[in-house]
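Just so you know, the sequence shown maps onto residues 5 to 225 in our numbering. Glycine residues also receive a C-beta, built at the ideal position from the N, C-alpha and C atoms. Note that the structure is a prediction, hence the values are computed from the model and not measured. Here is the structure we will look at, set down as structure tokens.
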Amino acid sequence: MNIIVSEEIRRVCPEFVGVFVEASVENSEHSPLLWNEITEFSAHCCATLTTESLKQLSSIEATRRIYRACGKDPSRYRPAAESLIRRCLQGKSLYQVNTLVDLINLASMRYGYSIGGFDADKIAGGTLTLGIGRHGEPYEGIGRGIINIEGLPVYRDETGGIGTPTSDHERTKITLPTTRLLVLINGYDGNEERVLENARFIGRLLEHYCQGKDIRKGIYR
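Here is the structure:
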């Protein structure tokens, strides 16, 4: 997959660094062992964070800053990593979707980066471009219906938007039959080593829980 970072993103976030992870996988409805990891890390978040200190984490603070720079209120359209951790801090259970989605949610919580996870076979064309959402641009968030992505960073394929830090699109979502996975980690804080560490963590989870094979990783900026 060829990934292009547009000039409009470079202007508001010249330090942006992204990492992609591609893999052949086997999905499943639920992994008890993975869910044990998620439960343990959720408890760690509750013991070490508050809803206010959460916003100070470098990865989350930077994503919120870019939302404001692009014209979006990060408290109304929360980045996914922040939303996941906030659920834990509020005593709410995380949604259990399927093993691949749950795995990506754990990786997002652990590092604070909003991560896009896609069924690679559903992406139109061989190029994705990271830009900014436009007024009236159609977008159906997973489980959220039509959402207003004006002012949100958005990845687009040949057909249209497929992912924002708030919600990925229904059209390219991961389902049980998914066998080719694409993950995009968005480092709006410019911390290349930590974004790569996040990618390596995902690779290990894929091998352990989803029979991940032919795992490829790469930087784009």
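First and last residue of the beta strand (DSSP E) that includes Y159?
-> 157-160
Could you have a look at D123 and say whether DSSP puts it in helix, strand or coil?
-> strand
Measure the C-alpha to C-alpha separation of A84 and A111 and round it to an integer number of angstroms.
-> 12 angstroms
Expressed to the nearest angstrom, what Euclidean distance is found between the alpha-carbon atoms of T163 and S46?
-> 36 angstroms
Ordered along the chain, which non-local residues of its own chain (more than five positions away) have a Cβ less than 6 angstroms from that of E19?
-> G194
Is G207 helix, strand or coil by DSSP?
-> helix
Cβ shell of A203 (< 7 angstroms), same chain only, five flanking positions each side left out = V23, V25, I189, K221
Check A27 in the structure and name its three-state DSSP category.
-> strand
State yes or no: is the C-beta of D172 within less than 9 angstroms of the C-beta of F205?
-> no
Every unbroken alpha helix (DSSP H) within the segment 38-84, with a cutoff of 4 residues, ordered by chain | 62-74
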